[in-house]
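Comments concern the structure below.
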């Protein structure tokens with residue numbers, strides 16, 4: 001139920017209400033974290049997205065590809081390349097998100113929009129699985 005309410009408030013741009021629902025939840029799992037993090041990433045402030053991500057990590061909740069794509073997108077909005085690189089290093093450490101097309105495209109987008117076109121091209125061709133290289137390379141255009 002909490003997920004649906006947070007999602008509804010997110011679609012309405014009501015960050016405050018989404019956060020209020022989140023705070024009232026007792027069994028907070030990755031789905032609820034993703035809902036709130038995505039709400040902030042889409043409706044702002046983007047800096048709070050990074051704060052929520054750090055709090056989630058501090059509580060020992062492991063991110064999934066949805067979490068990371070939202071956080072990388074927030075890094076793009078903030079031109080926070082340093083934080084984006086830290087997130088990418090976490091991805092490499094856990095080596096379980098290499099085949100995710102959305103996440104690969106988010107990283108390429110971050111590199112390109114933060115002025116790191118060489119890294120964007122490199123990641124598009126070598127940072128993701130062969131099956132996703134074409135689609136990821138298209139995101140450079």
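Numbering (full-length UniProt numbering), first residue to last: 1 to 141. The beta carbon of each residue, even a glycine, is placed where N, CA and C say it ideally should be.
Identity of the residue in 46, 67, 47 nearest residue 56 by Cα: 67
Supposed contact pair residue 72 and residue 25 - C-beta distance, whole angstroms, cut 8 Å: So it is not a contact: roughly 25 Å between Cβ atoms.
First and last residue of the uninterrupted alpha helix (DSSP H) at residue 66: Residue 66 -> alpha helix (DSSP H) spans 65-78.
Extent of the continuous alpha helix (DSSP H) run through residue 34: 30-43
Residue interval of the alpha helix (DSSP H) (run including residue 56): 46-58
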